[in-house]
Each structure stands twice: as C-alpha cells, then as structure tokens.
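End of the sequence shown sits at 544 in the working numbering; the numbers just go up one at a time, nothing left out.
Working notes for the structure below.
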Amino acid sequence: MISKIIQYFGTFLIIAFCSISIFFSLAEREIDDPSIRKFLSYPSFFEDRFYDYRMKSTLDPNKVDKRLVLVAIDDNSLRKLGKWPVPRIYWVKLMKKLQTFGAKVIAYDVFFSEMSNSCDAIPPEKLMAETIKDIQKDPKRHVILPYSLDTQNAEYFKEIPDTLYNFLMDTKQGENLNLDAKKVSKAVFPISILADTEAGLAHIEAEGDSDGIFRHYQVLGNVDTLYFPSFSLMAYQYYTGDKPVLEVLSIGDATLKLKTGDLKLNYKGESKVRWLGDQANFPFVSMYDVLMAEDDDAKMIKLLKDNIIFIGSTSFGAHDLRHTPVNAMLPGIYFHMNMVNMLLDGKFYVPQSDSTQISWALLFGGTLVMLLIMIFGNALLDVFTMMSLVTGLYLFDTYYLLPGGYEIKLFFCLMSVVACYSWNTFIHFYFASKDKKFLKEAFSTYISPELIDEMYDAGEPPKLGGDCGVRTAFFTDIQGFSTFSEKLSATQLVELLNESLTAMTDILLEEMGTLDKYEGDAIIAFFGAPMPLEDHATRAVSVA
C-alpha cells in the first residue's frame, strides 16, 4: 500500500512540475521584476534551446530571399575606405549609387546622431539630406533612418519629437489598454538636418532573452500611448505600401493586422522571430564594391533593383554582433532582415493559447499512454513505448507543428513521459529488490538462492496444503552417533553437530535441495519442491 502511495504521489509531482514549467516558460518573457524573472527563467532556458535545435533542423540552407539585400560595411570596405566611422561623404556617394541601381528602400542600420567634424565648405550632412530628398521625390523610393527607444536611460525626450508624428500607426484599442511604455532616446536620434528630410524614422530596439540569446523582435513601440513602427516594420510598409493597424482590444491580446496576416504581439510589442537563416540566406555585397561599380553595372542592377537594401556592419571590429538561435555571432543587421522576411511572407506564429493547449495535450496524452502501458508490467514493452513516444512526439512537432507556426513546449512534454517511466520503473525495481531480499533472508537457510529467485520470478509462492506430484525424499544420519556422543561434553557435541550439519546442508543447497528440518544428528530434506526439478532423484543421489 505504501509503495503505491509513493508511486502515485511521485507521478503526480512529475506531471504537475512539467505542467507548471510550461506555464512559467510562457510567462517569463513578460515579467519585469528581474528577481522574479530570474527565478522563473529555468523553463525558458531548456524550452527555448530545445526549440532552437528543432527549428534549425528545418531551415533550408539553399533558400535565399533576393528581395532583401545587404550592403555590408565589411572589413574590406573599412580597409579600403580607411576609417571607422565611415566618412559621411561616402554615404552620399553610396545613396546616389543605390538610386542609380534602382533600390526601392534604403534602410540604414547606422545612427546619425551628431554632426561630423568635416572641414568641407558644404557639410556632408547637408549633401546627405539633399540626396535623401532627391531619392524620395519618387513616391515609391524611400530612405529609413534609425533611432532608439529606452526605458532605462534618463537622456530621453520629454515630448515626442515633431518629426515622429509623420509615422504614427493606426490603432484600435480599448480604454486604458496599452502596451509597455517607452521613451525616445536622445542619444542616437537623427540630427535635425536629416530627420527633417521626411526620411522614414524607425526605432531599433532588441532585448535578449534571459539566456542572452536574441529571439524576440520589438515590432512597434508605445511612446505616450502613441505607437511607432520598428525598423523592420517600416521597411515592410515602404516595400509593400501596406498600412498595418494595431488592435489592442483586451488584456494580453495585441494583434498587428497586415496584408500578409495577423501578427500576435506580447505586451512589450514583441514577436518571436521565425528565422529564414543567417548570412547564407540573403544576398550580400560589399559597400566598397557598390561605390566602385560603374553606373551601368548589370550585376549591381540585377542585385539591387526594386529591392530593400539594408546598410549595416558585418565587420568584427564594429561589435554589432548578436547571439541568435541560428548563429552565435550573427551581425545585428540580419536580425532585422529575418524579421522583414517574416513580415513579407506572413510566416507568423499561431496564437500562443493554441500552442499552449497543444503542449498540455501532448504532455498529458503522452504521459497517460506511458502509464497505461506500464500496467501490463512488461519491461521490454515499457522501454519500446517510451522510446516510441519520445521519437514520435519529436518528429510530429519538428516536421509538422513547428513549420505550421506552433511553438510547442516539447522539452517538458518529453520530460514528463521519460520521468514518469523512470520513476515508476525505479519504484518497481526498489520494492521488488526489497521483497526478494526479504525472501532470501527468510528462506535462505532452507532453500537454495536459485530456487528463491525462481520462486520470486514465477510469482507463485508455496500454496497452503502443498501440491501433488512425485518428489524425492532425503534422510541422513550419523552412524554410531549415540555411542560416541556419550563420550563428549555438551559443548563439544554442539560444535561437532554445527560443523557437520553446516557442511552437509551447504552440499544439499548447492544441488537445489530443500531443507525440511534437523532432528538431532539427522537431516530431513526433499527435492522437487517448492519449485519443480526434472532431475530431482539424480540430484538427491548426488548429494548423498
């Protein structure tokens, strides 16, 4: 009875722990208190890394999104141009080249927050502003400049800069329903001569998960209950002409309505990124090569025409590297490019509630099947079932649910199955060993250990009244015992009997005989019970 209570209670604790861990892994990202978030980070650590592993196994290394092209500030460009930061006159030349090659959107992952120290008669910033205006005379051509949102830095604008009001997003929201509020940082906001060009202003904001890996992208930001697009969302809008609408109609339910689908956001305005890949999945060209290309360069025109052109650093010395699920040292610009790819293709996650329900269904369903199979008490069947469940759930999620946009918390689903199997197997083994030990201690004086093992394994204890059948009886006696026992003291007689009976009993048990009793110097035993022996007579003769 006690063993059953321990077994069931342990199983309950395992299932409860795994279920609660799934809930914690969902809630951890949206907790602001650092101490609580750290305490609840253990499920996310396991779940997120296991998800990353499965996600990477489904990526197609040969798939390239030719709509998104990186003009890289790479080591070669810095070496040829000779300076970091890049002198701004080169930005003027680069934009003119991109305009010539037909770029549709030019998105800078470079901050222009202060004037340069140029001694030129015409400041390069003025030339940059004129070039941006010239590009944007074509209503289908756009330039994007970044800024940053902040909740920690005291250096932020007390009021929203006027230039940002041009980029307000349409919203539908219930009363007092707002996403996490932030401020516009002064530190990296574009200088006014550039901000006033009506170039697209978009925030670059990213916060790593508790394990330091960047998986979530802030799609939009709330500044004084007004919402502004991120760098990637702005690039998507300019490229497609779409005008997304944010809906916040209930607590915990924020949806960005786009032509490509509905994107669910958490209360920070974030979405988890569905990755296309890293450097191998996007076209790449060195900034220096673009600057040096002829205006009629066919390769450049083919590569850049009517595409979104990102300008960002891939140079190791620029330190713009991110630890991401697809690459531990990925230049930050690829984080934005993957998000734009996700927006363009509508590769959105299904609502988190749907993924959570399936996660719990897999956890309880898989565990229940495992426990039901274990009722039969077949160790080989138990192992086969456990391995089949783990493999089946893994493959079902990796190659069906995950590509469908489900974020299943599979680690704790599998943990529940394996832990319940292990716990119940351990409990059965422990109490079985305990029972067998008791039998051996109780009967080892009368029955050989081999017979005890057979009797335990057969699960058939001796029955009251015995069994009918042919057995061999065995009797021994010491010849002349009465005569010489009279010549020994009581102590000597006991020593003699102990020595003789011990030696003879060992021989009896070696041949799987069963000791019935001692009567003085006599041994009374039998062969063929309590477990049957086909050669019981032969063994009795051998013992004699």
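Backbone N, C-alpha and C define an ideal beta-carbon position, used for all residues, glycine too.
Query - Inter-residue spacing [alpha-carbon to alpha-carbon] between P351 and I408 - result: 12 Å
Report task. With a threshold of 16 other CB atoms inside 10 Å of the CB of G346, please say whether the residue is buried or exposed. Result -> exposed
Requested in this report: Kindly indicate which three-state DSSP category P43 falls into: helix, strand or coil?
Outcome: helix
Report task. Determine the closest residue to C420 out of Y53, G377, L402 and L371, with distance taken between C-alpha atoms. Result -> The residue with the shortest Cα to Cα distance from C420 is L371.
Report task. Quick one: which unbroken alpha helix (DSSP H) runs of 4-plus residues sit fully inside the segment 168–242? Chain order, please. Result -> 192–195 and 231–240
**Report entry** Closest by C-alpha distance to V69, when choosing among I160, L256 and P283
**Finding:** P283
Query raised in the report: By the 10 Å Cβ neighbour count, where 16 or more other Cβ atoms means buried, how is C119 classified, buried or exposed?
Result: exposed
Report task. Please check if any C-beta of chain B sits within less than 9 Å of the C-beta of E47. Result -> The chain inventory of the structure shown lacks chain B, comprising one protein chain alone.
Query raised in the report: Based on Cα-Cα distance, which residue from K96, A544 and Q279 lies nearest to P63?
Result: A small correction: the amino acid at residue 63 is Lys; Pro does not occupy that position in the sequence shown. Nearest option by C-alpha distance: Q279.
Query raised in the report: If you scan the segment 53–130 from start to end, which runs of the beta strand (DSSP E) of 3 or more residues do you find wholly inside it?
Result: 68–73 and 105–108
Query - Contact check, I135 vs L194, beta carbons under 9 Å - result: no
Query raised in the report: From S113 to V86, what does the alpha carbon distance come to, in whole angstroms?
Result: 14 Å
Query raised in the report: Skipping 5 residues on each side, what residues in its chain have a beta carbon closer than 8 Å to that of T58?
Result: T398, Y399, L402 and P403
Requested in this report: Would you identify the three-state DSSP class for F157, choosing helix, strand or coil?
Outcome: coil
Query raised in the report: If you draw a straight line from the alpha carbon of S77 to that of F310, how long is it in whole angstroms?
Result: Cα to Cα, the separation comes out at about 15 Å.
**Report entry** Cβ pair L380, Y236 closer than 9 Å
**Finding:** no
Query raised in the report: When DSSP builds the beta bridges, which residues end up paired with T476?
Result: I523
Report task. Tell me, please, whether the segment 88–100 touches the segment 318–334 by the rule of three or more beta-carbon pairs shorter than 8 Å. Result -> no
Query raised in the report: Of the choices G241, Y238, K243 and V248, whose alpha-carbon is the least far from that of N222?
Result: V248
Query raised in the report: Apart from the five residues on each side of it in sequence, which residues of its chain come closer than 6 Å, Cβ to Cβ, to D75?
Result: Correct list, in chain order: S315.
Query raised in the report: Given 8 Å as the limit, is there contact between the segment 510–529 and the segment 473–480, that is, 3 or more CB pairs closer than that?
Result: yes
Query raised in the report: Of all the options S210, F231 and I478, which has the alpha carbon lying nearest to the alpha carbon of I204?
Result: F231
Query raised in the report: Name the DSSP beta bridge partners of V143, please?
Result: I106
Query raised in the report: Does DSSP put R322 in a helix, in a strand, or in coil?
Result: strand
Query raised in the report: Should N424 be labelled buried (16 or more other beta-carbon atoms within 10 Å of its own) or exposed?
Result: buried
Query - As assigned by DSSP and simplified to three states, the class of D516 - result: strand
Query raised in the report: Leaving out five residues before and five after L321 in sequence, what residues of the same chain have Cβ atoms less than 8 Å from its Cβ?
Result: M329, L330, P331 and G332
Requested in this report: Closer than 7 Å by C-beta to Y90: which residues in its own chain qualify, once you throw out the five before and the five after it? Chain order, please.
Outcome: L81 and L291
Requested in this report: Take M512 as the anchor and find which of S500, Q492 and A540 has the nearest alpha-carbon.
Outcome: A540
**Report entry** Q218 burial status per 10 Å Cβ neighbour count (16 or more: buried)
**Finding:** buried
**Report entry** For I311: DSSP bridge partner residues
**Finding:** V71 and Y108
Query raised in the report: So which of I5, L201, D48 and P43 has the shortest CA-CA distance to F23?
Result: P43
Query - Nearest-angstrom Cα separation, counted from A503 out to E495 - result: Distance between the alpha carbons of E495 and A503: 12 Å.
Query raised in the report: Within 10 angstroms of its Cβ, does I14 collect 16 or more other Cβ (buried), or is it exposed?
Result: buried
Query raised in the report: What does DSSP give as the partner residues of P549 in its beta bridges?
Result: No answer is possible for residue 549: it lies beyond the span of the chain, which begins at 1 and ends at 544.
Requested in this report: Return the chain-ordered list of same chain residues with a C-beta closer than 6 Å to the C-beta of H216, the five sequence neighbours on each side being excluded.
Outcome: E270 and K272
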